[in-house]
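Asker: Residue numbers (the numbering used here): 736 to 1453.
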Ligand code: BGC
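#1: Enumerate in chain order the residues of its own chain whose CB-to-CB distance from residue 967 is below 6 angstroms, with the five nearest sequence positions on each side excluded.
#2: In its own chain, which residues sit with a C-beta less than 7 angstroms from the C-beta of residue 1391, not counting the 5 before and 5 after it?
#3: Closer than 6 angstroms by C-beta to residue 739: which residues in its own chain qualify, once you throw out the five before and the five after it? Chain order, please.
#4: Please confirm whether any heavy atom of the ligand BGC lies closer than 8 angstroms to the CB of residue 1200.
#5: Candidates 860, 931, 898, 1127: which alpha carbon is nearest residue 1027's?
#6: Could you pull out every residue in the same chain whose Cβ sits closer than 7 angstroms to the Cβ of residue 846, ignoring the five residues on either side in sequence?
#7: Could you give the residue range of the beta strand (DSSP E) that holds residue 1001?
#8: Residue 1121 to residue 1079, Cα distance in whole Å?
#9: Inspect the CB distances between the segment 1033–1048 and the segment 905–917 and report whether three or more fall short of 8 angstroms.
#10: Please specify which runs of the beta strand (DSSP E), each continuous and at least 3 residues long, are wholly inside the segment 920–946, giving them in chain order.
#11: Just to confirm, is the Cβ distance from residue 853 to residue 773 under 9 angstroms?
#12: Could you check what DSSP says for residue 738 in three-state terms: helix, strand or coil?
#13: Could you give the distance in angstroms between the alpha-carbon of residue 1010 and the alpha-carbon of residue 1345?
#14: Quick check: does the Cβ of residue 1309 come within less than 8 angstroms of any heavy atom belonging to the ligand BGC?
#15: Measuring straight from C-alpha to C-alpha, what distance separates residue 1178 and residue 952?
#16: For residue 1406, report the span of its beta strand (DSSP E) as first-last.
#17: Can you tell me whether DSSP reads residue 854 as helix, strand or coil?
#18: Can you give the Cα-Cα distance for residue 761 and residue 856, rounded to whole angstroms?
#19: Assuming contact is defined by CB atoms lying nearer than 9 angstroms, are residue 838 and residue 1128 in contact in what I supplied?
#20: Of all the options 1233, 1307, 1096, 900, which has the alpha carbon lying nearest to the alpha carbon of residue 1461?
#21: Report the CB separation of residue 769 from residue 824 in whole angstroms; it is logged as a contact under 8 angstroms.
#22: To which residues of the same chain is residue 858 closer than 6 angstroms at the C-beta, ignoring the five residues directly before and after it?
#23: Please list, in chain order, all residues of the same chain as residue 1112 whose beta carbon is under 6 angstroms from its beta carbon, the five residues on each side excluded.
#24: So what's residue 1441 in DSSP terms, helix, strand or just coil?
#25: With respect to the alpha helix (DSSP H) encompassing residue 1415, which residues constitute its N-terminal and C-terminal limits?
#26: Is there contact between the segment 1413–1431 and the segment 1059–1073, where contact requires at least three CB pairs shorter than 8 angstroms?
#27: Please confirm whether any heavy atom of the ligand BGC lies closer than 8 angstroms to the CB of residue 1356.
#28: Look at the Cβ atom of residue 780, then the Cβ atom of residue 1150, and state whether they are nearer than 9 angstroms.
#29: According to DSSP, is residue 1045 helix, strand or coil?
#30: On the DSSP bridge list, what partners appear for residue 819?
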């Protein structure tokens, strides 16, 4: 879009205060269509004649800003009046907030010093066929807005008494325009609302609102106040052992709202930042705090729900709910690790372990394709992939199983949605990542050396370490093999020659078998079997089952091993043990957190320990989706909806349910690009009943029989 627009900024350092930019015009002639094109260095809220121009919040979203910055185009025809006033308030957002919060790097200093500004314009199409453009330039003006401070981690400060009216000419800003791209991702929207469940008066004497559900977004409140009255709100995910408000785990993120009232009844919610929370501590508030004055506005990318999971056990259903909420809370334009503390970054490893589940739960095609383009844009000169994308940790070494997101994510998006374009877009990035490993390893065909996160948070970690005991070279080599193999598969889909990578893959397999003749941990067994590296996978799976049983049926795996452990057990004759782990309530287990009252998936198996204490202050998120990856076992194994590589996008499906009598019934469905598939089994007095509804051709495998089935509804007895 060429609007002859210039970047504009405030004429002077506004420091913490968010500038508001303004354009007024009047339409003397009848207008048939009007468009607003806009983007910002920061995040913006645009209001035309006092009304928001769209449901899009936190626009222009989060991309690798130095290379790619999305602009939005809004149809504003219906909002026009004779006299028009556009106001655009700009906060720091992801563009210049102090991110990440725990380390000060040169890059962080550079980003935080970036200016705030906007670019775009208004385009008017008149009834007489003429067209007029009002591009951003120095005819636009600006003033200090009522938003006195806004930052991703620290929250927002607003003085509602302030009415900008001292309009000054905006200044032109030198900033590249080549980075501008049209909106690519899903829009971030206000998707749901949650009411206050109860108001707590804690032992420490605090007034705390409990929404009964951890959400990501912000609170909206309405208050009847006098000018100068103050509202001060802090955010928390859990209460402490004594039932008091707690936010120690937000680390340096202040996550607070400071609002100074004007006279009268007023409704406010933050508009240039967001929070992860279930509890709000009301530190200051004029008058009595009543539940109906507050509601939690749930904000996430506008992704369509496609997955359904339910069963006869209420605790398992709560786990399913936690998994969906965990995804909603962390799919805010970028797949983030968590929504609350001073991170909220696009951790590649977390995205990689969760993507299969994510792609069944919701349609995340567009969401991931945009993020993957940022990954390609931020790929380092040597092919390395940062720990987070956008790469806000450029000094951090690429880690195995994190950087492999470059290959695993495009492949999964291709498989789930069946569009090979994602492979075309990402192919170079995928190859360069594998080449990076080849160039940086110490030993050929293994990935040795480097700095890795290992089996992050595995419970077999030596004391004091975050990394499970699985050998780092082992994990790194497994993922080297896996990524090389996926490059070969992608090349085949694209009709490209992959001979070099085929040979590489075979050599890695040989080298792996030689270097790692035995497996020492649960995760090592799981990886060797799942990624077809074990020479005798049945023997390795049996050894895994044995190891788990001897250990009291405790899961020890971390981020890397957990996604596949139940798959391996179910595939190799240990489905009963898979269910034992899945249904286990005692620590460590998925249901342990549910028993502790979790409403989203926790970062740690024991974020709140059995004795009621917190795991630790410095690394304890209660909304981290990684372990929610167990849902893909429920879809694929428990319910048996198996995506086939030969039929990407579920053009045809294999349905092979694996029930267990500890659940009376279980049902899963995926609304795929090819049609909806539902699989349910029920233990009835007459026997085991299977109900399959499929809108796509299927192969149904039940009780040793194999049936080719056309789309339709089927009932079988087993
Ligand atoms: C994040 C993770 C991430 C990890 C990498 C953490 O601080 O929250 O989820 O993958 O660091 O080690």
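C-beta atoms are modelled at their ideal positions from N, C-alpha and C, and glycine is treated no differently.
Answerer: Put simply:
#1: Hits under 6 angstroms: 993, 1018, 1019.
#2: 1375, 1377, 1436
#3: 870, listed in sequence order.
#4: no
#5: 931
#6: 831
#7: 999–1003
#8: Spanning the alpha carbons of residue 1121 and residue 1079 requires a straight line of approximately 15 angstroms.
#9: no
#10: 923–930, 933–936
#11: yes
#12: coil
#13: 28 angstroms
#14: no
#15: 47 angstroms
#16: 1400–1407
#17: Annotated three-state conformation of residue 854 is strand, per DSSP.
#18: 15 angstroms
#19: Yes.
#20: Residue coverage of the chain in this structure runs from 736 to 1453, which leaves residue 1461 outside it and unanswerable.
#21: Not really, about 21 angstroms apart at Cβ, beyond 8 angstroms.
#22: 770, 868
#23: Non-local beta-carbon contacts of residue 1112 in its own chain, meaning distances under 6 angstroms to residues more than five positions away in sequence, involve 799, 802, 803 in chain order.
#24: strand
#25: That residue, residue 1415, is in no alpha helix (DSSP H); its beta strand (DSSP E) goes 1410–1419.
#26: no
#27: yes
#28: no
#29: strand
#30: In the DSSP secondary-structure assignment, residue 819 is bridged to 760.
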